[in-house]
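>
Number of protein chains: 4
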Amino acid sequence: MSKIKKLASKKNETKPLSRPSAVGRKRDDSLDSAIIEAALNALAEVGFDRMTMDLVAAKAKTGKASMYRRWSSKTELVRDALVFMNRHSVELTELPDTGSIRNDLLALVKPKSAEQSERKMRVLAGLGSFFAEYRKISEDISTHIFGGWEKANAQLLTRAIERGEISKSADVEGTCQVISAMTAYTTTLLLKTFDKTTYANLLDNILLPALRSGTKPSGTKKA
Amino acid sequence: MSKIKKLASKKNETKPLSRPSAVGRKRDDSLDSAIIEAALNALAEVGFDRMTMDLVAAKAKTGKASMYRRWSSKTELVRDALVFMNRHSVELTELPDTGSIRNDLLALVKPKSAEQSERKMRVLAGLGSFFAEYRKISEDISTHIFGGWEKANAQLLTRAIERGEISKSADVEGTCQVISAMTAYTTTLLLKTFDKTTYANLLDNILLPALRSGTKPSGTKKA
Amino acid sequence: MSKIKKLASKKNETKPLSRPSAVGRKRDDSLDSAIIEAALNALAEVGFDRMTMDLVAAKAKTGKASMYRRWSSKTELVRDALVFMNRHSVELTELPDTGSIRNDLLALVKPKSAEQSERKMRVLAGLGSFFAEYRKISEDISTHIFGGWEKANAQLLTRAIERGEISKSADVEGTCQVISAMTAYTTTLLLKTFDKTTYANLLDNILLPALRSGTKPSGTKKA
Amino acid sequence: MSKIKKLASKKNETKPLSRPSAVGRKRDDSLDSAIIEAALNALAEVGFDRMTMDLVAAKAKTGKASMYRRWSSKTELVRDALVFMNRHSVELTELPDTGSIRNDLLALVKPKSAEQSERKMRVLAGLGSFFAEYRKISEDISTHIFGGWEKANAQLLTRAIERGEISKSADVEGTCQVISAMTAYTTTLLLKTFDKTTYANLLDNILLPALRSGTKPSGTKKA
DNA sequence: CGATAAACGAGACGGTACGTCGCGTCTTCTG
DNA sequence: CAGAAGACGCGACGTACCGTCTCGTTTATCG
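Protein chains in written order, with the numbering used here: chain A, 1 to 223; chain B, 1001 to 1223; chain C, 2001 to 2223; chain D, 3001 to 3223.
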């Protein structure tokens, strides 16, 4: 079903099953990417639910039949569009090598272009907050659900700083956000439960070591 | 529009704007929570898209009119239901105080009851993967988008371990997941761009200190 | 259920069953007629279907409960309102007696007042064409259904005049309308089938005698 | 909006305004009549108000969208269905010609088939008494409104017979019904006022000539 | 004169049908 | 045959009305 292989790798896999019969008009390959581009733009502009198949067809100047000839459902199209959008994140062959792990990690996220990166962010937002109009849900989740938890955690951390258990220069706010982020990520994307063991691992292996460490190597400040 | 304030705090009932007129039948407050409970159960059981308003009405033994009298749309109802579900996360007055920051943080996530916690997870999952059927999107996002990035990052970290820049006992996999989690969280929930400054802060304040720290305090193993 | 007896005849029927208990506030009799007036006005203004019970309640400055205390349904209210509207048509005791049957019949329809008569017409129209906005249905029925029939009948009558079977001065158009009217009246109001026997009676007893009669007594012209 | 022209006459398809664009799937003309047939059956079986659009869609094995693509509302559909039902009443080209006006008029109402005629009656009844349950309204109208009037008119006519002004064999009951029928027909279907002039014309041209005529030509009896 | 009981106005409630919109399929014409 | 256009079957949405109910208030009779 996925069209991405064809798009990503320009090889022609010779189509063993349900190959296009030799006669008749050939598939217009440029339509594949036109539809995906239209879908990504629609996702970024109006979000998943307001992205209707008719809208995408109109943006791609095609008809729905040509879309469903390529993808069996809206979901499949979105999946492929997302994979396509991130097709350049995966070049394991040409990893940066600056000699510093910090610079290596940062180099990896250098986007192709500013506007590409901008759209990428909006696409993810349009996905996560199902509806463009309804991204209030996101705000409410972050404010009411994770916001409350982060405030409580921050208070616990501040107290720990006061009694000298963790470093004075610990990044309290950042740590709390990591906790929220891992919870949301695990439940909504990995579709696993964020249980106590997972949480303890996060604390023991990453957060507590960082909190105890008294040094901030590069001295950057928060934005 | 939000009914949660009334549900959460049974107090400030002065109602300056659009207060219920003194005459006429009073709103049945028990219906508010009955509908929200029904909505949460529906979310947990069938996910956002399969949760129809008629289904929720049937579960709450009411009619759609009474639901739309309270919330102007399905989305508004879901927002309030989510806030309601987490109304107890915010009790800043009774924070745990075990003397250890690790135990404090863990104590905070002790749920009221096992089944409450179970449903909470399912509700979040039902939200994130909008449709039961469509959780493939989630899988693809984690596999293709973040999966590729995590693999690359893991390779960079392994190399750094080899050249002695970070600790041999560093939690490579966990660190990579935190990076993915923070990206997803920032874009889909906080609705902000995950830019280079934000990333650098995460690295400098939390991840790099943890990676350099050679100790794993509590000795817990990964799940 | 019917309130009309009480309104029409001011006698107090001593209420054998479900009589109003001696204690408690008394029914406001002026409300009965206020509601009926409001209902008639609503019927005349917007027709049966757009006459909502809330609208009538608002017009009568009362609540729906007070209406349903008197009539068990919208239909019952409308029935009584119609009867009330025509309560003066039935005074068999004081029939006109002018010595001429023509003047007697005409005298009977002298309305109480012009505006009363006007509203009466509009009420009937609002009933027959269920919706005010939708009285197009009526137009279509009269145009397409009865219109076609009337045209055909008119042609038959004209031919009969030509061959001298009926009077030259026969009222062709009027006769055709009577046929349509009797069909509609029998089926929609009397709820009987307008079968061949009924039709033959109408022809033999009324229409054919009139058509053969060569005289137009009073010489009035059509409007 | 009306689809009947297309159904009735298979000709003039030039379609100057809002013609179906040359491209795209064509409207399925058989659906037009399938829906109309379903609507007529529903009207005959359950009456106007119990005829829901979902019911008609189910009977026609289609969806509501396809119905609303053709007619903008339930009312429009009913209008066209009624016109369609009577599309054969208008064959002016093949009028009967028996040599007797009586037989001509009767021959015109010979239905295409018995069951067609049967349904036609039930459709009209389902219309006039808007709801199956609400045909009480019809009964009340005929009983209280026209019934009272007819009784009074009958008394006037009887008196006129007694003093010899009209024929002894005059059809008193039939004449009174014609008066009621013309009133109802004029107001509810023609949507005109039944004023004194109209009434006088009816009397002078049809009813009084018939009443004065002393002969009952064909000797048929009342049903 | 206060208690009791019912009517009243307002409006919430459960239910049902409406008319709209989107998905994924099918059909028609054009290249 | 593929492409563009758009009709089709289905199902959920959000609205409106019916007839019932529950409030708090007003009006009447009874103890």
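Think of the CB as a built atom: it goes at the ideal place given N, C-alpha and C, for glycine as much as any other residue.
Using C-beta distances below 8 Å, list every residue in its chain close to Ala1154(B), excluding the 5 sequence neighbours before and after it, in chain order.
Cβ neighbours of Ala1154(B) beyond the five flanking positions: Val1172, Glu1173, Cys1176.
> Which term fits Thr143(A), buried or exposed, when burial requires 16 or more other beta carbons within 10 angstroms of its beta carbon?
Label assigned to Thr143(A): exposed.
> I'd like to check one pair, Leu3082(D) with Ile2145(C): are the Cβ atoms closer than 8 Å?
It is a contact, given that the beta carbons lie within the stated cut-off.
> Can you tell me the Cα-Cα spacing of Leu2043(C) and Arg1070(B), whole angstroms?
Taking the straight line joining both Cα atoms gives about 33 Å.
> Please report whether the beta-carbon of Tyr185(A) lies at a distance below 8 Å from any beta-carbon of chain B.
True, the Cβ-Cβ gap to chain B drops below 8 Å.
> The stretch 2053-2066 of chain C: which residues have C-beta closer than 9 Å to a C-beta of chain D, in chain order?
Flagged: no residues at all.
> Sorted by chain position, which residues of the same chain lie with C-beta nearer than 6 Å to Ala2107(C)'s C-beta, five sequence neighbours on each side aside?
Cβ within range, chain order: Pro2096.
> Assign Glu1162(B) to one of two classes, buried (16 or more other C-beta atoms within 10 Å of its C-beta) or exposed (fewer than that).
Glu1162(B) is exposed by the Cβ-count criterion.
> At the 8 Å Cβ level, is Tyr199(A) part of the contact set with chain B, yes or no?
Yes, Tyr199(A) counts as interfacial toward chain B.
> Rounded to whole angstroms, what is the Cα-Cα separation between Glu3045(D) and Asp3054(D)?
Spanning the two alpha carbons is a distance of roughly 15 Å.
> Going by C-alpha distance, which of Thr188(A), Thr52(A), Lys168(A) is nearest Lys74(A)?
Out of Thr188(A), Thr52(A), Lys168(A), Thr52(A) has the C-alpha closest to the C-alpha of Lys74(A).
> For a test of the three-state rule: what should DSSP assign to Gly3063(D), helix, strand or coil?
Gly3063(D) falls in the coil class under three-state DSSP.
> Can you tell me the Cα-Cα spacing of Thr3198(D) and Lys3136(D), whole angstroms?
Near 29 Å, if we compare the C-alpha coordinates of Lys3136(D) and Thr3198(D).
> Which residue's Cα is closest to the Cα of Ala1065(B): Ile1035(B), Ser1169(B), Gly1164(B)?
Of Ile1035(B), Ser1169(B), Gly1164(B), the residue nearest in Cα terms is Ile1035(B).
> When the Cα of Gly2147(C) is compared with those of Gly2047(C), Val2178(C), Arg2212(C), which residue comes out closest?
For the residues Gly2047(C), Val2178(C), Arg2212(C), the minimum Cα distance to Gly2147(C) belongs to Val2178(C).
> I believe Tyr3185(D) touches Ala2184(C) by the beta-carbon criterion, under 8 Å. Please report the beta-carbon distance rounded to the nearest angstrom.
Between Ala2184(C) and Tyr3185(D) the Cβ distance is about 5 Å, and since that is below 8 Å, they are a contact.
> With a threshold of 8 Å between beta-carbons, can Arg3119(D) be considered close to chain C, or not?
Judged by the 8 Å Cβ criterion, Arg3119(D) is not in contact with chain C.
> Give the range of the alpha helix (DSSP H) segment to which Met2182(C) is assigned.
Run containing Met2182(C): 2172-2184, per the alpha helix (DSSP H) assignment.
> Under a three-way DSSP split, which group does Phe3131(D) fall into?
Per-residue confidence for Phe3131(D) stands at a pLDDT of 46, beneath the threshold of 50, marking its modelled position as unreliable; no derived number is given.
> What do you reckon, are the CB atoms on Thr2188(C) and Leu3077(D) nearer than 8 Å?
Contact: no.
> Are the C-beta of Asp2029(C) and some C-beta of chain D separated by less than 8 Å?
Chain D contact via Cβ: absent.
> Taking the alpha-carbon of Asn2205(C) as reference, which of Ser3169(D), Asp3080(D), Thr3098(D), Arg3050(D) has the nearest alpha-carbon?
Among Ser3169(D), Asp3080(D), Thr3098(D), Arg3050(D), the Cα nearest to that of Asn2205(C) belongs to Ser3169(D).
> Chain D partners of Gln2116(C), CB-CB under 8 Å?
Result: empty, since nearest Cβ-Cβ is about 13 Å, beyond 8 Å.
> Where do the ends of the alpha helix (DSSP H) carrying Ser2030(C) lie?
Element bounds for Ser2030(C): 2029-2050.
> Using a C-beta to C-beta distance shorter than 7 Å, which residues of chain A count as neighbours of Ile1137(B)?
Going along chain A in sequence order, the residues near Ile1137(B) (Cβ under 7 Å) are Thr75, Val78, Arg79.
> Using 8 Å as the threshold, is the C-beta distance between Met2121(C) and Thr3193(D) below it?
Yes.
> Would you report the Cα separation of Leu1207(B) and Ala57(A), rounded to the nearest angstrom?
Roughly 44 Å between the two C-alpha positions.
> Determine the burial state of Ala1022(B): buried for a count of at least 16 other Cβ atoms within 10 Å of its Cβ, exposed for fewer.
Exposed, since its Cβ has fewer than 16 Cβ neighbours within 10 Å.
> Going by the CB atoms, is the gap between Glu2165(C) and Ser3101(D) shorter than 8 Å?
As written in the sequence, residue 3101(D) is Ile, which differs from the Ser given in the question. It is a contact, given that the beta carbons lie within the stated cut-off.
> When the Cα atoms are used, what is the spatial distance from Asn1201(B) to Met182(A)?
Spanning the two alpha carbons is a distance of roughly 17 Å.
> Lys26(A) by DSSP, collapsed to three states: which one?
It is coil, neither helix nor strand.
> Flag this pair as yes or no: are the beta carbons of Ser3167(D) and Ser3213(D) separated by less than 8 Å?
Yes; because the gap between Cβ atoms is below 8 Å, this pair is in contact.
> Would you list, in sequence order, the uninterrupted alpha helix (DSSP H) runs of no fewer than 4 residues that lie entirely inside the stretch 2138-2163 of chain C?
Fully enclosed alpha helix (DSSP H) runs of 4 or longer: 2147-2162.
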